[in-house]
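The structure appears right after this line, and notes come after that.
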Amino acid sequence: MKKAALHNLGCKVNAYETEAMQEMLEKAGYEIVPFKEGADLYVINTCTVTNIADRKSRQMLHRARKMNPDAVVVAAGCYVQAKEKEIQVDDCIDIVLGNNKKQNLIEALEEYERTHNADCNVTENEKNAKNQENDRKAEIKMEEIGKTKEYENLHLTKPGDHTRAYIKVQDGCNQFCTYCIIPYARGRVRSRSMEDVLDEVRTLADNGYKEVVLTGIHLSSYGIDFDKEYHLLELIRAVHEIDGIERIRLGSLEPGIITEEFAEGIAKLPKMCPHFHLSLQSGCDATLKRMNRRYTSSEYAEKCELLRKYFPNPALTTDVIVGFPGETEEEFKESYDFVDSIDFYETHIFKYSRREGTKAAAMPDQVDEQIKAKRSAQLIELGEKKRAAYEQSFKGKEVEVLVEENLELNGKEVQTGHTKEYMKIALETNENLKNSIVKVQIGKDSQIIH
Numbered sequence: 041m042k043k044a045a046l047h048n049l050g051c052k053v054n055a056y057e058t059e060a061m062q063e064m065l066e067k068a069g070y071e072i073v074p075f076k077e078g079a080d081l082y083v084i085n086t087c088t089v090t091n092i093a094d095r096k097s098r099q100m101l102h103r104a105r106k107m108n109p110d111a112v113v114v115a116a117g118c119y120v121q122a123k124e125k126e127i128q129v130d131d132c133i134d135i136v137l138g139n140n141k142k143q144n145l146i147e148a149l150e151e152y153e154r155t156h157n158a159d160c161n162v163t164e165n166e167k168n169a170k171n172q173e174n175d176r177k178a179e180i181k182m183e184e185i186g187k188t189k190e191y192e193n194l195h196l197t198k199p200g201d202h203t204r205a206y207i208k209v210q211d212g213c214n215q216f217c218t219y220c221i222i223p224y225a226r227g228r229v230r231s232r233s234m235e236d237v238l239d240e241v242r243t244l245a246d247n248g249y250k251e252v253v254l255t256g257i258h259l260s261s262y263g264i265d266f267d268k269e270y271h272l273l274e275l276i277r278a279v280h281e282i283d284g285i286e287r288i289r290l291g292s293l294e295p296g297i298i299t300e301e302f303a304e305g306i307a308k309l310p311k312m313c314p315h316f317h318l319s320l321q322s323g324c325d326a327t328l329k330r331m332n333r334r335y336t337s338s339e340y341a342e343k344c345e346l347l348r349k350y351f352p353n354p355a356l357t358t359d360v361i362v363g364f365p366g367e368t369e370e371e372f373k374e375s376y377d378f379v380d381s382i383d384f385y386e387t388h389i390f391k392y393s394r395r396e397g398t399k400a401a402a403m404p405d406q407v408d409e410q411i412k413a414k415r416s417a418q419l420i421e422l423g424e425k426k427r428a429a430y431e432q433s434f435k436g437k438e439v440e441v442l443v444e445e446n447l448e449l450n451g452k453e454v455q456t457g458h459t460k461e462y463m464k465i466a467l468e469t470n471e472n473l474k475n476s477i478v479k480v481q482i483g484k485d486s487q488i489i490h
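Quick note on numbering: the sequence shown equals residues 41 to 490 in my numbering.
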């Protein structure tokens, strides 16, 4: 039995795809092993969202080659899609699978093996001549991602997390924010059929999973590419009807999807988790305009108020970019004050990363790295205060926890899990509660941890 090791970089969509490729390998007879020396096959699902992600992707590919020079190294995903020319001259890679080609992993491996075995039967002179004809080693499976309309057919029956399952329902993005390379790496919006999603969720429910997280590259766009008029709200309602699923959580949302109809609609669903990640990026209107974000700060605030109208004390989380080109001290202060006013549960702070091929990379007034670091530190400090205040509001209250795993905390064995708001809770008990939903009182028989 051949041994295969996989490594994922990037978002939850990438994680889903990596787990789907792992299932494909298991069904093909591979033994899945840790990403260490000794594997016969290394599969790296790459990321290109920042320059750091590019660097990490390259490092992992080269590490795989060093761990076993004779192994087959597969590079998949966003980095290879966006950097095709660089990949062609990287001799540590044997097979390249661009986005929408991960479903062809087994087929690509079989083709590589046939070609490799054929090469073993030719003379040394013939090998040298063939190498001179080809200026790259890798076999590349790539398509012009910006033109494809097909959703990649990947499926999961047993994700790595044994209580919560991430379900990819959508791929691609049509927004073209000026800082973002993802539309070029992932292509245009492509939605998974509702019935295919529901079939997967039913299978996961039958296998004991109680919580599903609907995710996508631009989740709010789910269904806009269908001829039939149904969108994310209809999908959520359909998932809600599936027996065995007790919680539904959503991936990152764009503010525009939060309408009165949407907020009221999901609030009527008892399985819906009151945990919403609304992408912000900046609280300054001038910066938002340069970013090509399609809302103003006041419109964003209205969306938060809508969610708070229909959900009592929901967990609102967000992303903020500091140091976007042209961001002055006044603009940063405006953004800081806006973030302060919303009272997010968690705020993820990113220093602007210049991405070749995006409009923002060519913008004037690029911000100094030291200034970015200073602004980032200020927002991180604010975010910690807001997180603590939100968690404090739950002290003494009863919450439901989906128990996920055991760990040692301060020398004691505890069981941990998450509330519907995605607060991580530790509870002391001798009973094995894994994959159970239990009610606890925060501060009495449980505590919030990080």
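Quick reminder that beta carbons are idealized off the backbone N, C-alpha and C, glycines included.
CA-to-CA, the gap between Gln210 and Gly451 works out to about 43 Å. DSSP, reduced to helix, strand and coil, places His258 outside both helices and strands of the structure shown, so it counts as coil.
C-alpha of Ile222 to C-alpha of Glu453: approximately 42 Å in a straight line.
Around the C-beta of Met41, fewer than 16 other C-beta atoms lie within 10 Å, and the residue is accordingly described as exposed.
Under DSSP, the beta-bridge partners assigned to Leu447 are Val454.
If you draw a straight line from the Cα of Arg103 to the Cα of Lys96, it is about 10 Å long. Sequence-distant Cβ neighbours of Leu145 in its own chain, meaning closer than 6 Å and more than five residues away, are Met61 and Met64. The shortest CA-to-CA distance from Leu149 to any of Ala45, Gln121, Leu81 and Gln128 is the one to Leu81. Considering only Ser233, Gly117 and Arg105, the residue with the shortest C-alpha distance to Glu269 is Ser233. In the displayed model, Phe434 falls within coil according to three-state DSSP, outside both helix and strand. Leu346 and Met182 have their C-alpha atoms spaced approximately 43 Å apart. Taking all protein chains shown into account, Ser433 has fewer than 16 neighbouring C-beta atoms within 10 Å of its C-beta and is therefore exposed.
Under the DSSP assignment, Ala111 falls outside any alpha helix (DSSP H); it carries neither an H nor an E label. Taking all protein chains shown into account, Thr86 has 16 or more neighbouring C-beta atoms within 10 Å of its C-beta and is therefore buried. According to DSSP, residue pairing for Met312 in a beta bridge involves Ile288. Shortest Cα-Cα distance from Tyr219 to any of His271, Cys132, Asp236 and Arg394 involves Arg394.
The criterion of a C-beta distance shorter than 9 Å is satisfied by Asn108 and Gly78. DSSP places Asn139 in no alpha helix (DSSP H); its state is neither H nor E. In the DSSP assignment, Lys67 falls within the unbroken alpha helix (DSSP H) covering Lys52 to Lys67. Taken atom to atom, the span from the alpha-carbon of Ala68 to that of Asn446 is near 32 Å.
Going by DSSP, Leu293 is part of no alpha helix (DSSP H) at all; its letter is neither H nor E.
Counting C-beta pairs closer than 8 Å gives three or more between the region 357 to 373 and the region 405 to 419, which meets the contact rule. Only residues of its own chain outside the window of five on either side were considered, and among them Val439, Val441, Thr456, Gly457, His458, Thr459, Val480, Ile482, Ser486, Gln487, Ile488 and Ile489 have a CB closer than 8 Å to the CB of Ile465, listed in chain order.
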